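Residue 2 is where the sequence shown starts when you use my numbering, and the numbers rise one by one after that.
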Amino acid sequence: MSNRPHWKSRIGFLLVVIGSAVGLGNIWRFPYVAYKNGGGAFLIPYFIALLVVGIPLLILEQGWGYMQKGSAPVAFARFRKRWEFLGWWVAIFITFGLMFYYSAVLSWCLGYLFFSFDLSWGVDTQAYFFNSFLGVSDSPFNIGEIRWPIFFGIIFIWFVNWAIVSRGIRRGIEVANKIGIPLLFISLIVMLVWSLMLPGAGEGVSAFLTPDLSKILSPSVWNDAFGQIFFTLSLGSGTMIVYASYLPARSRINDNAMITASANSLVEVMAGFAVFSILGYIAFVKGMPLADAVKSGPGLAYVAYPQAINNLPFGREAFGVLFFFTLLLAGITSSVSMIETFISSAIDKFGWSRKKITTVVCLIGVAGGSIFATNAGLLWLDIIDHMVCNVGMITMGFLEAIVVAWLFGGTKFISKLDKFSKFKLGKFWVFCAKIFIPLVLFVMFMADTIKNIQKPYGGYPWSALFVIGFGWLAATLVVARFFSKAKWRTDHLKKKYHDEDEALLVEVDGE
Ligand code: PHE
């Protein structure tokens, strides 16, 4: 029997995976990506991407972690030592990449939570966000100086994460999600009902739901839909592998993945309704069509929301607090999962003490996060975000599908999961994982690369994309190699779980 700790209950597991999935991606990223891609038109590619790539990949990751009973590096090393670096690579670019800028966005959120008390953003919310608050510089190389309020926010966010992750999976992560997720649902529902009651909300909602079919033919809409599914379901990040590795035998992987994906999309659609109602309200106040009234982009939550809040007839402060509190809650339950991805890997391989390694990681996190608190922070964020999502996570998803569905064997893999799940996926899953996922991800990757060659991403200079984006991704690869070459200090590798079902079945039958 494995002596790996387990989640306390199935509900506990579902709450932690939903906690990882539901995050800034649902409330901050989804609405502006959907808005940019024609609102309702985006929902069709979004749901198709969810069904043919999102859910099958979620099952693949949760199944792999559960079967191999280890964090990403262990899960791959147990299969074949040469794939171990892949596990380290994701663990590193998530914890020391994605989480660096995620902590900055959470810090903005914290700032705005305080600003809500006296609506300190003033009338021109756009100028406030970009100039007064972020002080965005004109080039990624023009770093300027540290914006202290943002930096202090980053310290606070890492401290909260430290307090949760250092307590361990049961007493820390599971407890935090058991409190955070129900609270998140309640605050989201209150926010949604409130937004739907505003004048003009109907117009906004209909913009969200009416498909503009001409947009569906555009490849970039599909690209964004797949990218969003990856980000929002925490795919290609090793996180789901880690969380599922703490599951007991006989777990219902397929069913759990369906529940996770449904809950995540439910929150996403709810957030979509809330945000579009607000946009409708802004259009109503300004007396112009929605498309002219609001500009899309990552600033949507920080520009459009405060603008709408300014115009509310009553309860302005309360609405602001509610919105930014919801965003913060959703983000923190996701950020702990990012940090755990590395922590769990380090403990598995080196047997380090959880408290110590969490402390070290959080200190590095504060240092690394500080670059995103400078005047060039938003620009760096944009470049690294593009690299993580469009290169890192997608490459990882592609390689996972190759390793699990081709090298390990798709039919063998899914038959083990189907055995205990109500949803039997059999051939459909094998087809998606073997053919569809690699194909779609490859096409996406190529399309994005060609687009970037024709026109550098975001209009940044090539040198910036190269030095910051590729440089940093290459650095994570080098460090990953270093970790995978290091000597094992635990006996995790000696226990093989996947070999011809033995251990898994012994464990199962022995129950
Ligand atoms: N799914 C999270 C969100 O929607 C982001 C995330 C990505 C979390 C990767 C963990 C790993 O915000």
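Cβ coordinates follow ideal geometry from the N, Cα and C atoms, glycine included. Fair warning: this is a prediction, and the values are worked out from it, not measured in the lab.
- A Cβ-Cβ contact shorter than 8 Å links PHE326 with LEU114.
- Burial state of PRO32 is buried, judged by a 10 Å Cβ sphere holding 16 or more other Cβ atoms.
- By the CB criterion at 8 Å, PHE118 and GLU318 fall inside the cutoff.
- Listed in chain order, the non-local C-beta contacts of ALA264 below 6 Å within the same chain comprise ILE19, local neighbours out to five positions each way being set aside.
- Taking C-beta atoms as the reference points, LYS350 and PRO74 count as a pair closer than 8 Å.
- Using a Cβ distance threshold of 8 Å, TRP89 and SER336 do not count as a contacting pair.
- Rounded to whole angstroms, the gap between the alpha carbons of LEU236 and GLN63 is 10 Å.
- DSSP places THR211 in the coil class of the three-state scheme, outside both helix and strand.
- A distance of 8 Å or more separates the beta carbons of LEU280 and LEU25.
- Judged by their CB atoms, PHE429 and ASP256 are not nearer to each other than the 8 Å cut-off.
- Not one heavy atom of ligand 1 lies closer than 7 Å to the C-beta of THR327.
- According to the DSSP secondary-structure assignment, THR375 is paired through a beta bridge with ILE147.
- Of all alpha-carbon atoms in ALA35, ALA434, ILE438, the one lying nearest the alpha-carbon of LEU210 is that of ALA35.
- In the DSSP assignment, GLY40 is bridged to PRO212.
- Minimum Cα-Cα distance from HIS387 among the listed residues TRP473, ALA302, LEU15 corresponds to TRP473.
- In this structure, ligand 1 has a non-hydrogen atom nearer than 7 Å to the beta-carbon of THR233.
- The closest heavy atom of ligand 1 lies 7 Å or more from the beta carbon of LEU15.
- For LYS357, the enclosing alpha helix (DSSP H) starts and ends at 355-370.
- Judged by DSSP secondary structure, ILE174 falls outside any alpha helix (DSSP H); it is assigned neither H nor E.
- In this structure, the alpha-carbon of SER354 lies about 18 Å from that of GLY366.
- Around the CB of LYS70, 16 or more other CB atoms lie within 10 Å, so the residue is classed as buried.
- In this structure, the beta-carbon distance from LEU379 to LEU135 falls below 8 Å.
- Of all alpha-carbon atoms in GLY352, LEU466, GLY13, PHE399, the one lying nearest the alpha-carbon of LYS488 is that of GLY352.
- Between the alpha carbons of SER371 and LEU313 lies a distance of about 35 Å.
- Under a 10 Å Cβ-count criterion, ALA475 is classified as exposed, with fewer than 16 other Cβ atoms of the shown protein chains found around its own Cβ.
- Between ARG253 and the set GLY228, SER72, LEU418, the nearest pair of CA atoms involves LEU418.
- For GLY205 and GLY459, the gap between their C-alpha atoms comes out near 28 Å.
- The C-alpha of PHE130 lies about 8 Å from the C-alpha of GLY300.
- Proximity of the segment 189-209 to the segment 275-290 meets the contact definition, three or more beta-carbon pairs being nearer than 8 Å.
- Put simply, the backbone Cα of GLN308 is about 43 Å away from that of GLU401.
- The three-state reading of DSSP puts VAL276 in helix, counting H, G and I together.
- Selection ALA78, LEU107, PHE142, SER72 evaluated against THR334 yields LEU107 as nearest (Cα-Cα).
- With a threshold of 16 other beta carbon atoms within 10 Å, GLU146 falls short and is exposed.
- In the three-state scheme derived from DSSP, where H, G and I count as helix and E and B as strand, VAL75 is classed as helix.
- A Cβ-Cβ distance of about 12 Å is found for the pair ILE385 and TYR461, leaving them out of contact under the 8 Å criterion.
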